[in-house]
Amino acid sequence: MLLLFQYIFYIILACAASDKNSTDTKNSTTPKDKTPMAINSPGALEIISPLRTQVAPALVALDSKLKIEWKYQVKPTVPVSGWDIIALRETPRKIFYYIARNQSASDLKYEWDIQAFNDDPENIDKIVVDGNYKLYIFDSNHTYDYGAKYGELLPSMVQFAVYKSQVPTKNVLSSGFKFSCSSALVTSLLMIFYSII
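Numbering-wise, the sequence shown is residues -17 to -1, 1 to 180 according to mature numbering (1 follows the signal peptide of the UniProt record, and there is no 0).
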């Protein structure tokens, strides 16, 4: 009987020691945010504008001034030298549209006048309606498809589509109103004429 109690006592001691070692091991592991991988991971941007949905690209009017805005999601340890912003259309052929080059690294927004871009004779390739585009923001020292190393900034991209805004002018609305009134008046007079006969 005494041997049985001693045996149970030794098992309890062994289990307690095992639990303590397990707890010490868990507590001694390095937290994820302190690992070299997290410290040296590539920087990343979040494009705030133009904003796209999960299922569709952002819609941009052809005659608008597109507000481009971004912020750091993960700040890179290697400082950004400046910003390049381009648009890319891949069909029917690959065309690059240079929106901004070597913008100041402290700027996190840019306004692109699409109409002025299209009106500039130096820009041979124009932004067209129904075109699907990719907007890239990246470090001026690299390219839009650069695979960033640890600590450097990854290029960021957002898709957008262009449409032609068709807001009627005052004159069009006015003439349309006059036309519809004239039509209604003629129709009413004809109905009165036929009802008399």
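All C-beta atoms, glycine included, are put in the ideal place defined by N, C-alpha and C. Nothing here was measured: the structure is a model prediction, and the numbers come from that model.
Residues bridged to residue i [DSSP beta-bridge criterion]
i	result
G26	L136
Q86	W66
I107	Paired residues: none, contrary to the question.
L118	A70, V141
S148	Per DSSP, none; premise fails for S148.
Pair within 9 Å by beta-carbon distance, residue i and residue j
i	j	result
P59	P25	yes
Y129	L71	no
L45	V112	yes
L91	K132	no
S139	L34	no
I110	Y116	yes
Closest by C-alpha distance to residue i, when choosing among the options
i	options	result
A38	E135, L28, F143	Reading off the sequence shown, one finds Val at residue 38, where the question assumed Ala. Minimum Cα distance to V38 is reached at F143.
S64	S148, N124, K147, L137	N124
T36	V112, K92, D67, V141	V141
Y119	L137, Y133, I110	L137
N85	I69, P75, D108, D96	I69
I30	Q56, G134, N106	Q56
G114	E135, P75, D122, S87	P75
Contacts around residue i, its chain only, beta-carbon distance under 6 Å, and the 5 residues preceding and following it disregarded
i	result
K50	S32, E94
P40	Q142, F143, A144
D96	K48
F121	D67, Y127, P138
E52	I31, S32, K92
Spatial neighbours of residue i in its chain, beta-carbon cut-off 8 Å, leaving aside the 5 residues before and after
i	result
E105	none
S148	A44, L45, D46, S47
Y146	L42, V43, A44, L45, V112, D113
S87	G65, W66
K161	In this predicted model, K161 has a pLDDT of only 42, less than 50, meaning its place in the structure is not dependable; the value taken from the coordinates is given anyway. Excluding positions up to five away in sequence, the list is empty.
S89	none
Cutoff 7 Å; reference residue i; Cβ partners in own chain excluding five residues on either side
i	result
E73	none
Decide yes or no for the touch test of the region 68 to 87 against the region 99 to 114: beta carbon pairs closer than 8 Å, at least 3 of them.
These segments touch.
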